[in-house]
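Colleague:
Written as structure tokens, this is what we have:
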């Protein structure tokens, strides 16, 4: 009789190990959708590598025996400067779907950013985790009325901010997705997309082609900011001049992102773009960043480069796939423990101190 | 019974995938001739890698929902800033030969540059695609009369320009070719080479040794420009001082090229040489570049570095091998779609805007 | 009958080869403890690689036919500028334990730095090698009285200096250790840790959690220096400003160390941090360094960067595992021979000359 | 019946291919002796790689259809700026030994540098190739009389210059050699070493330990120059200050060399040291270089960096092993053809023009 080695609980695993746990549990098409990127996925890989190219220098004897990961963002507290990035269709990773993610984020004391492409509508998230902080990601639709209706729903259900994605005038070319298409399983839908499609009589599959406005300009952002009863963060900033201009247009925050390497293969890693964006914003609004963050020390590097917080996308999906709400909690808790430990070892007692970390490169 | 997965149509494939489709269809000697380069093929590899070392930075909210790949070159329109580079002997890739390539280029709205070493004469190309744009590549022969006769034929058949290759005083040492020689199949010939050989009583195999003038100087270029009734582009420029001097000598355009890494192994990649050449030319004539371009984003990088257009050589041959005219069309159409998509995602509505792309490196 | 190739004696082996000899002799849990580092062990690897990135330039015709590795440190002679770094639990590598190491260091004419986590107490080391030079590494405990008692024991047994480790407010996250835990074999104990635990009624396993003071500041260092009847070296310095401040606080020496990559993965290699620390110290006290040193030429590089001596940790443990006292002697003797040979070939007759070596990089 | 593919003749092979041909023909101990280097052979590898890091930029339309590899060195003509470096014991590679090498060098119109450790004495080389150019490499012995006797023999047999090796006060540590010792086969001896040993009553095996003067200084070089009736080149220069000082001491030439990576592993590649040495010498005497040169383009890079000529060591031994005199001729002829071809393609008609090549890096 062969004894079976019990698997380590998710809470003992690094984010890479949780990913390895999730991969065999996912339908190949879903995995291709989650894991894949644009083109040859050079930017996907570089997003990860670029954090490691920066080496933080520990300080000693600072009297720091513990570190707090607590902070504040848009005027409300955050237990962890790691948000759940907006990603589509959580229900294909796990039946718990976005509601499970929302509960895990609430438990971790961080913000869930609900994707407009999600398998749950804003109201459902609010119901699942009423005490949790939540923001809504959206694409500006050609039909500004539909956009406004969605914003109204978000306001009505306690969403605190809007995250407008501006790097997707068209979808990127993603070979892995094209090679492994998948169909939505019975019972899974994209209610927000569905609403918008129904309102304009367009098939939901034509969302990007026919519903999203591909030709947004700065005046559209200004109009949105003027109309929206919520703060608007702009997601998908690469160039420092665009970071500056977004703030000038009224953005309440800037998210440096290349869409996880899913839009245009070959663009710079976000760790390379963050510093210039921070300098351009000059402290006027918070700067966030996503792309390739998998370790506490990556978060330290982002903070040292001037980020106010980071977002993680794929890790949340892998946690969800591996263990539902508990899996997402494991992901966030692991990052919290890694971050707190790294801060102590770098001589930083809190997030503010992390901004002063010297990076050697 | 095992069901057979139908292969993806060529039109869904990247240039690398089309190459993979073509390789098993080619005679080993032909493949060695097409794919091989000089020496250890370090420059062949670096040509490709060097485009990827430059990372374009997307701009957002530019109001750009679609991008035009249309431009103009030597006073005539071009639907795509990607020309078919002059390469020898299309008929050994596919029976359709240069005529198929010419039709595909015409369909794509771009220029075919017919090689003097081709398996078709200028007249045949003109007949195959009378509406297409066509340039003629030539080596200056010791026998200037033979050179002039060829130019006259080109003029008579609607060729718009001459492309003089200046990087081949001698043939490079190409181990793959030497190891896998091939004989011309029955029915395939090199009519232009044959004409020149017959005129001077030399065996066609001795073309480079006995017919091409190995000791061309700047005065020879000036003389050719003065005599030629067509604009003359100079192909094979590496050094910025040579780019400047070519323009001073009357060149109507400069093509930065290392002959696809086939002449001298160890020379710099063309992506590394392009910027200095553009600066040296200072906008007086168009600058083109070839070598290792396989993706739409590579074209964006070339445009950002100041190129007016690029040429692709091996991809056209692989497309031809994989599908004849349709294969070449697939190659050009793929590049067009990749380029258009990349332009939109970089925030550029047209080729002129691409010149302003910031490269991060 | 198959003849058996006798293994090379340890004295003919490089440090890498001695490591290879030791690995199969070690219990997997012990190996994981010795060899493992924090996180993905990027800093472990970079510590080694960083020495190799600096290339010393030989000088010729300097009249140097032999080189002395003799020097002086803290006012006493040293036959070799390579000390045994403080590492825990030598008795799990070999029954000879720290006593064997102490005898080997004495034989080599260098300092053994006894770890507070060792399997022998200071008195035992003094007994084993009374003529040898010995320093004591310690963590400052919350219970300053326990710290003082240990210092008194060290003084009483002829220890010359204290090495205070300041990079361990908490233990690093070490996946290899976590995956392969090991139990102390019968008869092996950590007497100093045990004493401190007994004194305060804490379980020894809670040493770092409950006994070590996690929140040391510069004032604590100053107080220790003021109280200690021995010179105090500070181990675990990364940043040049901390090196300067340690000297200001009265440190008798600075040890640039990242704890062998065991504390925070992703921090810079010590070879990268050494030069700035040397510049900051400005010659006021000796600067030592550890991390990844495996070859005589690595020692030359450290000397050229301004180190007064280096420490080796894992190599001593591997030598001990492979051959007890003789194994540690083999390690130190190999380094001595490699160093002496490298010095001659670099044109340096002694350690002082090594400081003038040009590094090409 | 299986037909056998006839092997390509040596004359069609690159130097790497000739090496591959030689390797299986060599006794393992001899191969270890020839191919091995010091330590982990990092410098052996970097010597080769460093030439490839420099990328020469071709010039076009220079009117150059052919290139001459002819030059002049120490006042006499040289058909090829590639000399046979001094290497020991040619007779263990091939029965033809140094005589075969000498004949091949004479046929190629280049200098053979006979090693003092050779299996033939100067007189034998002079007899084998009376018309060939020959230099003698020597180590300065403790017994200056023995040194002078050797010089006298060289003078008497038409050697034109002495090459004093200054990078070997002691032998480097060479693990491959140590692991695979070999005994001199019957009939092979080292006559010059034997003479010196006999004269002083020392065993030949103790040559480096007891006969060579390990503590040479600049005054010894000056004395040798003053005494020697021949020009003296200094081999083993790394640092530019030593290059300058060698010329001040009367050297007729400087050879930048790290002894093929056989002395101290981790020192810079010679391609990295050449430029500074050339600048320091300032044209007062020729500068030569060896280490890792395997291709015509490597020679071009060396010339562009200011070398007057290069030496190849291992390639000559591999050629000798693979084909005796004809093998060495194949090596030299291949380099000649590669060099001539590269020069033409770089736009250089002769060696003087090569000095103006632009290197891109």
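Protein chains in written order, with my numbering: chain A, 1 to 361; chain B, 1001 to 1361; chain C, 2001 to 2361; chain D, 3001 to 3361.
Every residue, glycine too, gets a C-beta built ideally from N, C-alpha and C.
(1) Who are the Cβ neighbours of residue 1003(B) in its own chain at under 7 Å, not counting the five residues just before and after it?
(2) If you count every other CB in all the chains shown that lies within 10 Å of the CB of residue 361(A), and 16 or more means buried, which is it?
(3) Would you verify that the beta carbon of residue 218(A) is, or is not, closer than 7 Å to some beta carbon of chain B?
(4) Quick one: any contact between the stretch 1174–1183 of chain B and the stretch 3336–3344 of chain D, if contact means 3 or more CB pairs under 8 Å?
(5) Would you list the one or two residues that DSSP bridges to residue 2112(C)?
(6) Express the C-alpha separation of residue 289(A) and residue 46(A) in angstroms, rounding to a whole number.
(7) Against residue 263(A), what residues of chain B qualify as contacts under a CB-to-CB distance less than 8 Å, listed in chain order?
(8) Is the beta carbon of residue 3232(D) sitting closer than 7 Å to the one on residue 3251(D)?
(9) Measure the Cβ-Cβ separation of residue 1356(B) and residue 1042(B) and say whether it is below 7 Å.
(10) Could you tell me the boundaries of the alpha helix (DSSP H) in which residue 2227(C) lies?
(11) DSSP three-state label for residue 2019(C), please.
(12) Check whether the stretch 3011–3028 of chain D touches the stretch 3203–3214 of chain D, taking contact to mean three or more Cβ pairs, one atom from each stretch, closer than 8 Å.
(13) Around the Cβ of residue 219(A), are there at least 16 other Cβ atoms within 10 angstroms (buried) or fewer (exposed)?
(14) Specify, as a first and last residue, the run of the beta strand (DSSP E) that residue 240(A) falls within.
(15) Residues in its own chain within less than 7 Å of residue 2109(C) by CB, not counting five upstream and five downstream?
(16) Taking residue 2295(C) as the query, report the chain D residues whose CB atoms sit under 9 Å from its CB, ordered along the chain.
(17) Name the two residues that bound the continuous beta strand (DSSP E) containing residue 3253(D).
(18) Please confirm if residue 1179(B) has its CB atom under 7 Å from at least one CB of chain A.
(19) Which of helix, strand or coil does DSSP assign to residue 2072(C)?
(20) Return the CA-CA distance between residue 3044(D) and residue 3263(D), expressed in angstroms with no decimal places.
(21) Please name the residue or residues paired with residue 2055(C) in a DSSP beta bridge.
(22) What number of angstroms, rounded off, separates the C-alpha of residue 3301(D) from the C-alpha of residue 1239(B)?
(23) Take residue 1099(B) as the anchor and find which of 1214(B), 1287(B), 1325(B) has the nearest alpha-carbon.
(24) CB residue 391(A) to CB residue 10(A), shorter than 7 Å?
(25) Say whether chain A places a C-beta atom closer than 7 Å to the C-beta of residue 2167(C).
(26) Could you please tell me which residues of the stretch 3326–3339 of chain D, in chain order, have their CB closer than 9 Å to any CB of chain B?
(27) So, does the CB of residue 1002(B) fall closer than 7 Å to a CB anywhere in chain D?
(28) Contact criterion: CB-CB distance below 7 Å. Does residue 2342(C) meet it with respect to chain D?
(29) Quick check on the DSSP output: the beta strand (DSSP E) that includes residue 3161(D) runs from which residue to which?
(30) What separation, rounded to the nearest whole angstrom, lies between the Cα atoms of residue 1(A) and residue 2253(C)?
(31) Taking residue 3237(D) as part of the beta strand (DSSP E), name the residues at either end of that continuous run.
(32) How big is the Cα-Cα spacing for residue 363(A) and residue 323(A)?
(33) Tell me which residues share the same chain as residue 2129(C) and place their Cβ nearer than 8 Å to its Cβ, disregarding the 5 neighbours each side in the sequence.
(34) State the CB to CB distance for the pair residue 358(A) and residue 57(A), rounded to an integer number of angstroms; the pair is presumed to be in contact (CB under 8 Å).
(35) Within the stretch 1254–1341 of chain B, note down every full beta strand (DSSP E) run reaching 3 residues or more, in order along the chain.
Modeller: In terms of the structure at hand:
(1) Because residue 1003(B) carries a pLDDT of 46, less than 50, the predicted location of this residue cannot be relied on, and the following value inherits that uncertainty. The beta carbon of residue 1003(B) lies closer than 7 Å to none in the same chain, with the five residues before and after it left out.
(2) Exposed: under 16 other Cβ atoms inside 10 Å.
(3) Output row for residue 218(A): interface = yes.
(4) Touching, no.
(5) For residue 2112(C), the pairing in a beta bridge is given by DSSP as 2084(C), 2134(C).
(6) Each residue's Cα considered, the two are about 15 Å apart.
(7) Result: 1058, 1345.
(8) Taking 7 Å as the cut-off, the Cβ atoms of residue 3232(D) and residue 3251(D) count as close.
(9) It is not a contact, given that the beta carbons lie outside the stated cut-off.
(10) Going by DSSP, residue 2227(C) is part of the alpha helix (DSSP H) stretching over 2218–2227.
(11) In the structure shown, the three-state DSSP call for residue 2019(C) is helix.
(12) These segments do not touch.
(13) Counting Cβ neighbours within 10 Å, residue 219(A) comes out exposed, since fewer than 16 surround it.
(14) That residue, residue 240(A), is in no beta strand (DSSP E); its alpha helix (DSSP H) goes 240–248.
(15) Counting only Cβ-Cβ distances below 7 Å, and skipping sequence neighbours, we find 2078, 2079, 2080.
(16) One finds 3039, 3040, 3265, 3266 in chain D with Cβ atoms closer than 9 Å to the Cβ of residue 2295(C), taken in chain order.
(17) Boundaries of the beta strand (DSSP E) harbouring residue 3253(D): 3253–3256, taken from the DSSP string.
(18) No, no contact with chain A.
(19) Strand at residue 2072(C).
(20) Their Cα atoms are separated by approximately 10 Å.
(21) Residue 2055(C) is bridged to 2360(C).
(22) Straight through space, the alpha carbons of residue 1239(B) and residue 3301(D) are spaced by roughly 16 Å.
(23) Among 1214(B), 1287(B), 1325(B), the Cα nearest to that of residue 1099(B) is on 1325(B).
(24) Past the boundaries of the shown model lies residue 391(A); chain A is included only from 1 to 361, so the question cannot be answered.
(25) Output row for residue 2167(C): interface = yes.
(26) Here the close residues are 3337, 3338.
(27) Here the model assigns residue 1002(B) a pLDDT of 43, short of 50, so the residue's position is not dependable, and the following value carries that caveat. So, not an interface residue.
(28) True, the Cβ-Cβ gap to chain D drops below 7 Å.
(29) Here the beta strand (DSSP E) through residue 3161(D) covers 3161–3165.
(30) With a pLDDT of 37 at residue 1(A), under the threshold of 50, the predicted position of this residue should be treated as unreliable, and no value is reported.
(31) That run of the beta strand (DSSP E) goes 3232–3237.
(32) Residue 363(A) is absent from the model: chain A starts at 1 and stops at 361.
(33) The residues are 2099, 2102, 2103, 2105, 2106, 2112.
(34) Approximately 4 Å separates the beta-carbon atoms of residue 358(A) and residue 57(A); this is inside 8 Å, confirming the contact.
(35) Annotation: the stretch 1254–1341 of chain B contains the following complete segments of the beta strand (DSSP E) (minimum length 3 residues), in chain order: 1287–1290, 1309–1312.
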